[in-house]
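Student: Right, I'll just put the structure down here and ask away after.
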Amino acid sequence: MTSPQLLEGEVSARGRRIAVIAARFNDFIVASLLKGALGAWVERGGAASELAVVRVPGAFELPVAARRLAASGRYDALVALGCVIRGDTPHFEYVAGECARGLQLASLETGVPIAFGVLTVDSVEQALERAATSAGNKGGAAMESALEMAGLMARL
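For reference, each letter of the sequence shown is one residue, going 35 to 190 in the numbering used here.
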């Protein structure tokens with residue numbers, strides 16, 4: 035019996051065109067996510083000067099910027115970074131839900147993978163844990179996901 039054909043993307047920055055869209059709101063967290071994404075990019079063979087970084091006001095604005103970048107044809111994949119911390123009002127649900135929905139829609143409409151590096155957490159402490167510069171930084175994980183998906187899309 036023969037084995038099935040396995041298609042996977044290589045997690046490599048070499049030859050890849052990636053843009054990171056990062057929210058400024060909760061920047062004390064997002065800055066660490068961005069640092070993690072940049073670290074993963076360089077670790078996987080990319081040069082910092084080859085990475086595009088776009089800043090937007092907050093997580094709610096990530097989808098429209100991502101949609102424009104994805105539709106430009108200039109990028110193999112995108113990384114969206116932000117942090118939405120639950121408060122005492124329903125604002126969290128609106129922002130987190132529409133951000134996720136908008137990013138997914140932008141990806142599906144354009145065919146460009148958009149890695150979701152937006153923290154949706156209950157507390158600042160949870161956000162700090164997920165943005166830690168040690169292993170487990172969600173910005174770095176999102177970059178690796180984007181690189182893998184860019185590699186996979188090139189093979190499909």
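From the three backbone atoms N, C-alpha and C, an ideal C-beta is built for every residue, glycine too.
Which residue wins for smallest C-alpha separation from residue 45, given the options 190, 182, 186, 189?
Tutor: 182
Student: At the level of alpha carbons, what is the spacing between residue 35 and residue 99?
Tutor: 48 Å
Student: Are the Cβ atoms of residue 144 and residue 86 separated by less than 8 Å?
Tutor: Result no, Cβ atoms of residue 144 and residue 86 do not sit closer than 8 Å.
Student: What is the DSSP secondary structure of residue 113, counted as helix, strand or coil?
Tutor: Annotated three-state conformation of residue 113 is strand, per DSSP.
Student: Do you know offhand how far residue 89's Cα is from residue 66's?
Tutor: 14 Å
Student: Pull up the DSSP beta-bridge partners for residue 89, would you.
Tutor: 56
Student: Do you know offhand how far residue 39's Cα is from residue 189's?
Tutor: 12 Å
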